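Numbering (this note's numbering), first residue to last: 10 to 166. Since the structure comes first, as structure tokens, the remarks are kept for the end.
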């Protein structure tokens, strides 16, 4: 039995699990689970959606930012699929499709906004497993009304 192939398959599985925990943590509002996906400092790039340049954050600040952004929605569902992973020693890249659905009943606009695109996650292998150190979300399409993000901010916490 080739141990290196087994280790490679295990690493790929753990990397996919990390990317899936990202989506599950957000949607279940399990912020400890979400935090467990990241290194202590992370670089986030949502420029294709927000227009803002990539930025580095201490992990707790990033988790608080996401919690504040999403807490005003009644529900969200982030679907991550088609993971394509490359591994180079203790570094990896996982590109995955993403559909991020946001739901907030209201009287002002459409109740939903769905973003479609892909994540490019860069990960490093740590003593606690694979962790995302850099995340880029590339939005390819959108349906619904993005104004619900503003309404969600008004409802946050």
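All C-beta atoms, glycine included, are put in the ideal place defined by N, C-alpha and C. Fair warning: this is a prediction, and the values are worked out from it, not measured in the lab.
Of the residues 83, 12 and 103, which one's Cα is nearest the Cα of residue 140? Position 131 of the chain shown, counting from 1, holds the residue named residue 140. Answer by Cα proximity: 103.
Check whether the segment 151-165 touches the segment 71-83, counting contact only when three or more Cβ pairs, one atom from each stretch, lie closer than 8 Å. yes
Return the CA-CA distance between residue 32 and residue 87, expressed in angstroms with no decimal places. In the chain shown, residue 32 corresponds to position 23, counting from 1. In the chain shown, residue 87 corresponds to position 78, counting from 1. One C-alpha to the other measures close to 5 Å.
Put residue 140 into one of helix, strand or coil per three-state DSSP. By 1-based counting over the chain shown, the position of residue 140 is 131. Strand.
At the level of alpha carbons, what is the spacing between residue 128 and residue 76? Sequence index remark: in the chain shown, residue 128 carries index 119 (1-based). Sequence index remark: in the chain shown, residue 76 carries index 67 (1-based). In a straight line, the C-alpha of residue 128 is about 19 Å away from that of residue 76.
What does residue 111 pair with, by DSSP beta-bridge criteria? The count along the chain shown starts at 1 and reaches residue 111 at position 102. DSSP, once it has assigned bridges, lists 85 and 122 as partnering residue 111.
Secondary structure, beta strand (DSSP E): runs of 3+ residues fully inside the segment 38-80: 47-54 and 64-67
Please report the Cβ distance between residue 133 and residue 48, rounded to the nearest whole angstrom; I am assuming they are in contact, meaning their Cβ atoms lie under 8 Å. Here residue 133 corresponds to residue number 124 of the chain shown, with the count starting at 1. Here residue 48 corresponds to residue number 39 of the chain shown, with the count starting at 1. 6 Å between Cβ atoms; contact.
Contact between the segment 145-154 and the segment 116-123 (3+ Cβ pairs under 8 Å): yes
Nearest by alpha-carbon distance to residue 121: which of 144, 15, 158 and 131 is it? Position 112 of the chain shown holds residue 121. Cα-wise, what sits closest to residue 121 is 158.
Using 10 angstroms around the beta-carbon of residue 72, count the other beta-carbons present and answer buried if the total reaches 16, otherwise exposed. In the chain shown, the residue the question calls residue 72 occupies position 63. Buried, since its Cβ has 16 or more Cβ neighbours within 10 Å.
Give the DSSP-derived three-state secondary structure of residue 34 in the structure shown. As a first step, residue 34 is located in the chain shown; it is residue number 25 there, counting from the start. The answer is helix: DSSP assigns residue 34 an H, G or I state.
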